[in-house]
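Residue numbers (the working numbering), protein chains in the order written: chain R, 91 to 230; chain Y, 649 to 1096.
Even glycine gets a Cβ: it sits at the ideal position worked out from N, Cα and C.
Below is one structure; the comments refer to it alone.
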Amino acid sequence: MSVPLKFHYIVSGGDFTSAGNASVQAKKALRQLGFDPETIRRVSIAMYEGEINMVIHADGGTADIIVYPDYIEIILADKGPGIPDVELAMQAGYSTAPDNIRSLGFGAGMGLPNMKRYTDDMQIDTVVGEGTTITMRVNT
Amino acid sequence: MGDKHNQSAYNHSVSLDLNKCKGCTHCLKRCPTEAIRIRNGHAVIRNERCIDCGECIRICPHQAKKALYDRLEDFKDYKWKIALPAPALYGQFDNLDDLDYVVSGLLKCGFDDVFEVARAAELVSEYTRQYLQREDVPKPVISSACPVVVRLISVRFPYLLDNVLPVLPPVELAARMAKEEAMRKHPELREEDICALFISPCPAKVSYVRNPLGTAESKIDGVLAIRDVYFKLVGAMKGIECPELSSETGLIGVSWAGTGGESSALLNDKYLAADGIENVIKVLDEIEKENFAGLEFIELNACNGGCVGGALNVENPYIAKARLQNLRRYLPVAKSRLAAKDREAEERMLWDAKVAYSPVMQLDADRGEAMRKMQKIQTISKCFSQIDCGSCGAPTCNALAEDIVRGEASEDDCIIEMRRQIHAIYDHLGKIVHETYAPPAADKETKE
Ligand SMILES: Nc1ncnc2c1ncn2[C@@H]1O[C@H](COP(=O)(O)OP(=O)(O)OP(=O)(O)O)[C@@H](O)[C@H]1O
Ligand code: SF4
Ligand SMILES: [Mg+2]
């Protein structure tokens, strides 16, 4: 395969209530490509968590899905505040989410741990004041 | 199904099976508006007081009270049948991990189209967020989605009517949007070819359609019960391998199925959410006393747990709620949005008829006369035991006193009173017998 298939999504940060729609688009595309339900589930959960994080914590960003012959790569990039202590942020239960979205079920501090759990590899590149890029891989 | 004996079956959604009703006092005691009396050995519902909460249906140990609703077969003459599934429907299924199965399943069950009520709910949420920003509206704003609550406010809490969110309930909005969408997509259809059928968690919506609130005429053509559609739907869903991506429901829309969902969608933590008709009444009493300073929004649901607790569901409300919790996890926050500056769309959401105070609890239209009656009630009521046994056919001693003053009952209906009278007669008879036959000596002894 020469050029891998790519999907590019813009995640706008302005409006919290539109968060999560890019992952639905990605899920639709992967279904059309005939991936098995488990793979689709893992990719869409990982992307969903990252997408929501970009909206809540980083005022939006971009999401890319790249389909390689034996794995799917998810790249979430934002120009937000960055994560000062990645190890702490990765801990289950750690959250700086604002109160007004907690009653909707967000802010459990489970997003990053879930992204790690549902993918085969995850890298976080973050610079405080510049932004965060998270690259994940799901083997197919 | 029309039960001619029972007038209430006509306007309301509850019918009574006279053969099954034993005239016991369960429903009598349970009714939050004291709308039930036992007359001639069976329950009678006073139409004007009934708010369709469904409590009597739930409590009746003899299953004599039945909810009335429509069936899909009744609508076979329509060219285009649109299902309007309530968010609560999604909580009824075991192991469901994707709402698309439900939507695809409905299309296999004889519906031509599906318009999820959750879509309209998300729009109502967005509108409410804006409404709460306004300075000119009385706070706290009270949700208008549950028809039982709105009806209750209109009969018992008239001072709070201005606080009620003047927005059509999501299902009404859904029916209107669904019909417009169908005619846009299928220009050959005319409005009379289309029917919008709500798949409902509660009988209260049946009654809402017959006596709409906030609008002159409902665009909902029929109300089916979740539990009626359920079994066929489960079968249809089983055969679906990979459903189309067809559900338009977001996290906010699903959340509307349970208490707290509507509130959490406001992204504003100054809210109170309560459920169960008795709690609802308590909360309204407190708001009327202005006891909740600082609250912006009050969400009230007549059923325990919210709409998942409606009497027409299949599953236990708390199990359904737990399932929804799971289902909504990876849904986008909302899928439906109000188009920016779309005044027309916003206006369409608003009430087009005011909900007015209906003074069914009032003793008399004339204040002076009402006060005289109240005094009489107090005097009569004082004579009763206050044990509220219900044997007279009224829920409380005070309610019997009220019925007497209204000319609908008499003091002889009270068995305690009756017993006292019988005792008095016995005593009196006893005395006569005594005086006539007792030996004079005995009389002397006691005197000494
Ligand atoms: N893209 C990001 N930019 C800046 N900070 C982030 C970003 N993603 C995560 N964080 C920080 O890491 C914390 C943990 O993230 P995580 O997704 O695990 O939990 P959460 O988003 O707070 O809650 P949940 O995901 O359970 O709703 C966040 O609270 C936030 O402080
Ligand atoms: S809470 Fe929901 S299900 Fe219960 S009566 Fe109100 S609208 Fe119907
Ligand atoms: Mg998160």
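Can you determine whether any heavy atom of ligand 2 sits closer than 6 Å to the C-beta of residue i, and answer yes or no?
i	result
residue 958 of chain Y	yes
residue 949 of chain Y	yes
residue 794 of chain Y	yes
Measure the C-alpha to C-alpha separation of residue i and residue j and round it to an integer number of angstroms.
i	j	result
residue 870 of chain Y	residue 882 of chain Y	21 Å
residue 852 of chain Y	residue 817 of chain Y	12 Å
residue 214 of chain R	residue 165 of chain R	10 Å
residue 1048 of chain Y	residue 696 of chain Y	18 Å
residue 854 of chain Y	residue 149 of chain R	45 Å
residue 63 of chain R	residue 171 of chain R	As shown, chain R starts at 91 and ends at 230. That puts residue 63 of chain R outside it, with no answer to give.
residue 136 of chain R	residue 837 of chain Y	43 Å
residue 984 of chain Y	residue 100 of chain R	18 Å
residue 899 of chain Y	residue 994 of chain Y	22 Å
residue 886 of chain Y	residue 746 of chain Y	13 Å
residue 665 of chain Y	residue 711 of chain Y	8 Å
residue 685 of chain Y	residue 1043 of chain Y	7 Å
residue 842 of chain Y	residue 773 of chain Y	27 Å
residue 218 of chain R	residue 206 of chain R	21 Å
residue 94 of chain R	residue 120 of chain R	14 Å
residue 754 of chain Y	residue 762 of chain Y	7 Å
residue 857 of chain Y	residue 1035 of chain Y	39 Å
residue 176 of chain R	residue 197 of chain R	17 Å
residue 892 of chain Y	residue 965 of chain Y	28 Å
residue 722 of chain Y	residue 876 of chain Y	13 Å
residue 884 of chain Y	residue 756 of chain Y	6 Å
residue 112 of chain R	residue 104 of chain R	14 Å
residue 781 of chain Y	residue 1015 of chain Y	39 Å
Could you check whether residue j and residue i sit closer than 7 Å to each other, using their CB atoms as the reference points?
i	j	result
residue 748 of chain Y	residue 729 of chain Y	no
residue 819 of chain Y	residue 107 of chain R	no
residue 155 of chain R	residue 222 of chain R	no
residue 1050 of chain Y	residue 1025 of chain Y	yes
residue 168 of chain R	residue 140 of chain R	no
residue 803 of chain Y	residue 661 of chain Y	no
residue 846 of chain Y	residue 868 of chain Y	yes
residue 715 of chain Y	residue 707 of chain Y	no
residue 906 of chain Y	residue 956 of chain Y	yes
residue 929 of chain Y	residue 799 of chain Y	no
residue 805 of chain Y	residue 936 of chain Y	yes
residue 946 of chain Y	residue 914 of chain Y	no
residue 788 of chain Y	residue 810 of chain Y	no
residue 849 of chain Y	residue 953 of chain Y	no
residue 1046 of chain Y	residue 1058 of chain Y	no
residue 950 of chain Y	residue 1053 of chain Y	no
residue 821 of chain Y	residue 997 of chain Y	yes
Please confirm whether any heavy atom of ligand 1 lies closer than 6 Å to the CB of residue i.
i	result
residue 95 of chain R	no
residue 202 of chain R	yes
residue 848 of chain Y	no
residue 135 of chain R	no
residue 222 of chain R	yes
residue 215 of chain R	no
residue 199 of chain R	yes
residue 898 of chain Y	no
residue 196 of chain R	yes
residue 170 of chain R	yes
Under the criterion of a Cβ to heavy atom distance below 6 Å, does residue i qualify as lining ligand 3?
i	result
residue 143 of chain R	yes
Please list the terminal residues of the continuous alpha helix (DSSP H) segment that includes residue i.
i	result
residue 848 of chain Y	Not the alpha helix (DSSP H): residue 848 of chain Y falls in the beta strand (DSSP E), residues 842-848.
residue 127 of chain R	127-148
residue 1082 of chain Y	1063-1085
residue 970 of chain Y	965-975
residue 226 of chain R	That residue, residue 226 of chain R, is in no alpha helix (DSSP H); its beta strand (DSSP E) goes 221-229.
residue 1026 of chain Y	1015-1031
residue 814 of chain Y	First-last for residue 814 of chain Y: undefined, no H or E at that position.
residue 206 of chain R	201-208
Starting from residue i and walking both ways along the beta strand (DSSP E), at which residues does that stretch end?
i	result
residue 280 of chain R	Outside the displayed span of chain R (91 to 230) sits residue 280 of chain R, for which this structure offers no information.
residue 684 of chain Y	684-687
residue 663 of chain Y	662-664
residue 870 of chain Y	870-873
residue 920 of chain Y	919-923
What are the residues in the stretch 159-178 of chain R lying within 9 Å of chain Y by C-beta distance? none
With 8 Å as the C-beta to C-beta threshold (strictly closer), list the residues of the stretch 93-117 of chain R near chain Y in chain order. 106, 107, 108, 109, 110, 111, 113, 114, 117
Using a Cβ cut-off of 8 Å, which residues of the stretch 894-921 of chain Y contact any Cβ in chain R, in chain order? 898, 899, 900, 903, 908, 911, 912, 913, 915, 916, 917
Could you name the residues of the stretch 126-139 of chain R whose beta carbon sits closer than 7 Å to any beta carbon of chain Y, in the order they occur along the chain? 134, 135, 138
Contact set between the stretch 975-995 of chain Y and chain R, restricted to residues whose Cβ is under 9 Å from the partner: 976, 977, 978, 979, 980, 981, 982, 983, 985
Between the stretch 770-785 of chain Y and chain R, which residues of the former have CB atoms less than 9 Å from a CB of the latter, in chain order? 770, 773, 774, 777
Quick one, which residues of the stretch 870-892 of chain Y are near chain R if we go by CB-CB under 8 Å, in chain order? 890
Residues of the stretch 182-194 of chain R with a CB closer than 7 Å to any CB of chain Y: list them in chain order, please. 189, 190, 191, 193, 194
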